[in-house]
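This report refers to the structure that appears directly beneath it.
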Amino acid sequence: MEADANYFTGNYGDKDTPRDWGQGWFENHDFSQYIRTELNQGRKEDVMFEDFGPGAIVRFWAVYGGIPDEYGGIYRLYIDGNPIPVIEMYHKNMVGGAGLVGKPFSFFAPEKAENDTWRGRNLILPIPYAKSCKITYDGEHKYSHIEGWKGHYYQINYRSYAQGTEVESFNTNTLKTYNRELKEAAKILTHSPERLNVKIQESGIRVKPGKSFKKKIMGSAMIDFFQTRIKAHNMEQALRSTVVSITFDGEETVWCPLGQFFGIGYVSRPHQTYYTKVDASGLMSSYWAMPFEKEAEVKLINYGDQEIILEELALDHRPNEWTDLSMYFHATWNETRSLDTKLRSDYNYVSIVGKGIYVGDNLTLYNSFPDTTGINWWGEGDEKIYVDFEAFPSHFGTGTEDYYCYAYCRPQPFSSPIASQPIGEGNKTPGVTSNNRQRILDGIPFSKGFSFDMEIWHPHRAPMDFSPATFYYAFRGSQDNIEKDISGVSHKVRLHLE
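Heads up, the sequence shown is in this note's numbering, so the first residue is 18 and it goes up one at a time.
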């Protein structure tokens, strides 16, 4: 992986959060937080997003709580100061629907739910601009009085490029002009490439408790395919207690439970994102690019008390020139068991000192609160992401499930190129949930440091096992604050209320 062009990423969402560390820091009033209201050609429009200079919208998530689609507010996108919007479309058609573009660039998460208005709506079509971009919503003042209205929640992730960067602005002909490229991109995002003549293939390898299986690769190269399927008497425990450890050029930068490395936590369920895939047979595939200069060692370590069998294992790599712009792939994991959710707090996924780019995470948790009240949801907490030691986070979200692209604690499984929920049983009842977010165009570059906190927010005191895995690229010498937790991966996993 090599460093990209110089750009900053940010998000618009909970813009009204007080700039202090008091009660307002954990306030949950994170909907309809507009920059201002203005009149455009006689219309009252709420400004959701505004950026000046070259950039691009790269992710747009929204939900309109509790009102039917037929009320439909209108989104308008103004590019480069033009008073005529380049996009003017009902919200239901533009974000999630197929009015602007179809799947996989516009999708619902989950695809189906008991109430369609409570699904997360997503648009990941890049919308570039050379000079400026403004997005408005025409609907809040029309529908906020309707019974059942719960507000307009949204997140807009964007890239802001350095002044002087040449950008071709989105226009009314862009989708037609680049139709062929969009079709090719859609295929790449949704179809895992077929692998022929894989360089390393093994099968039937038995790994006893306390032992490991390892493979070493020599030369300047890049691992770009990692696939395995395991067998064990207790599969859930094996997915947690078997750890992927990868050392590049003498430094171990990957240490993560097998299941979370492939995005399923410790319960094997099918899902597919751009970088990971697990099928119904339990075959797990990873497509992360992992370059190195001289050598790499991939290990699967059995920290459990049972033997595991590597029914299949494949590693593919190709020659790759290491340069001054090359970065190492990192994966971390940490867990807090019986986390007290009633005490509102910010949980640190990872903090990094160095230079690199943050590219994704998996959150796996066990929610233990019995569903006796109908209010069992654990995830109102917002992501708070600090880049280069900034005092206030440049990424401040609207809820944990919003960050993971769905909405209103829906438990249904879903998959998409950038996010998935293989299992959501812990969302509304006691059980396990595993969520993935992968950053294709909205990776977060950092020059000095990076810190990711997730707010813990549960209406009850519900002891919860909370386990984030993080993925990032960084230059040699970068360090994070996560230590190997052998005791944690060895601990018995929880599946059901006991």
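No residue lacks a Cβ here, since even glycine has one placed at the ideal position from N, Cα and C. These numbers were taken from a predicted model, which means no experiment stands behind them.
Proximity to residue i [Cα-Cα], best of the options
i	options	result
serine 149	Ile503, Asp155, Val184	Val184
phenylalanine 69	Thr182, Phe467, Tyr51	Thr182
glycine 460	Val75, Ser437, Arg60	Val75
glycine 227	Ser464, Asn453, Asn379, Ile318	Ile318
lysine 129	Gly113, Phe122, Leu94, Leu142	Gly113
proline 480	Phe409, Glu407, Arg335, Leu356	Leu356
aspartate 241	Leu213, Phe230, Ser229	Leu213
arginine 335	Gly396, Phe243, Ser411, Ile247	Phe243
phenylalanine 488	Asn351, Asn174, Leu327, Ile91	Asn351
methionine 106	Trp135, Thr153, Gly72, Met301	Thr153
threonine 191	Ile222, Asn99, Tyr146	Tyr146
isoleucine 91	Ile402, Gly156, Lys225	Gly156
valine 80	Asn132, Thr26, Thr293	Asn132
lysine 316	Thr270, Pro287, Arg361, Arg197	Thr270
leucine 342	Ala126, Phe492, Gln172	Phe492
phenylalanine 279	Leu380, Arg478, Ser229, Trp474	Leu380
aspartate 266	Ile141, Ile205, Tyr345	Tyr345
Beta carbon proximity, residue i to chain D, threshold 7 Å
i	result
glutamate 407	No chain D appears in this structure, which consists of one protein chain only.
Residues of its chain near residue i, where Cβ-Cβ distance is below 6 Å and the 5 sequence neighbours each way are ignored
i	result
histidine 250	Gln323
tryptophan 124	According to the sequence displayed, residue 124 carries phenylalanine and not tryptophan. Excluding sequence neighbours, phenylalanine 124 sits near Asn139, Ser433.
asparagine 110	Gly116
leucine 275	Leu256, Thr259, Val261
proline 462	Ile374
glutamine 40	Low confidence applies to glutamine 40: its pLDDT is 49, below 50, so where it sits in the model is not reliable enough to give any reading.
glycine 119	none
asparagine 498	Ser368
proline 71	Ala147, Tyr178, Thr182, Val184
glycine 396	Thr417, Glu418
threonine 26	Arg176, Asp459, Ile461
lysine 248	Ile326, Glu328
glutamine 218	Ala331
aspartate 438	In the sequence as displayed, the identity of residue 438 is glutamine instead of aspartate. Within the same chain, glutamine 438 has close Cβ partners Pro430, Phe431, Asn452.
phenylalanine 483	Thr353, Leu356, Leu382
Other residues of its chain near residue i: CB distance less than 7 Å, five sequence neighbours each side excluded
i	result
asparagine 337	Ser237, Ala238, Met239, Pro308
valine 510	Glu253, Gln254, Arg257, Tyr283
glutamate 67	Ile52, Lys151
tyrosine 320	Ser258, Val260, Ile503, Val506, Ser507
glutamine 58	none
aspartate 478	Note that residue 478 is arginine in the sequence shown here, rather than aspartate. Asp357, Thr358, Lys359.
serine 229	Lys316, Leu317, Ile318, Asn319
phenylalanine 406	Lys465, Gly466
Which residues DSSP lists as bridging residue i, in chain order
i	result
asparagine 110	In DSSP, asparagine 110 forms no bridge with anything.
lysine 61	Leu56
arginine 335	Met239
methionine 481	Leu356, Asn384
alanine 491	Tyr345, Gly373
isoleucine 67	Residue identity differs from the one stated: residue 67 is glutamate in this sequence, not isoleucine. Per DSSP, Lys151.
proline 145	Ala73
serine 302	Gln244, Lys294
isoleucine 104	Leu94
aspartate 133	Its beta-bridge partners do not exist; DSSP assigns none.
glycine 486	Going by the sequence as given, residue 486 is alanine instead of glycine. According to DSSP, alanine 486 bridges with Trp350, Asn379.
glutamine 496	Val370
glutamate 329	Arg246
Span of the alpha helix (DSSP H) around residue i
i	result
serine 504	503–507
Contacts around residue i, its chain only, beta-carbon distance under 8 Å, and the 5 residues preceding and following it disregarded
i	result
glutamine 15	Nothing can be reported for residue 15: it is not among the residues displayed for the chain, which extend from 18 to 515.
lysine 445	Asp388, Asn393, Trp394, Cys426, Pro428
leucine 512	Glu253, Val284, Tyr383, Gly448, Val449
lysine 501	Trp272
asparagine 188	Ile96, Val103
aspartate 37	Unreliable placement is indicated for aspartate 37, whose pLDDT of 39 sits below 50; no coordinate value is reported for it.
Bounding residues of the beta strand (DSSP E) (the contiguous stretch that carries residue i)
i	result
leucine 140	137–140
glutamine 180	No beta strand (DSSP E) holds glutamine 180; DSSP gives it neither H nor E.
isoleucine 74	72–81
asparagine 365	362–370
valine 295	293–295
phenylalanine 187	Run containing phenylalanine 187: none; DSSP gives neither H nor E here.
isoleucine 152	149–155
glutamate 314	312–319
tyrosine 95	91–96
serine 285	First-last for serine 285: undefined, no H or E at that position.
proline 308	307–309
phenylalanine 279	Phenylalanine 279 -> no beta strand (DSSP E), and no H or E assigned at all.
phenylalanine 125	123–126
Where are the alpha helix (DSSP H) runs, 4 residues long or more, that stay fully inside the region 392–474, in chain order? 417–420
Whole alpha helix (DSSP H) runs in the region 189–275 with 4 or more residues, listed along the chain? 191–194, 196–207, 252–258
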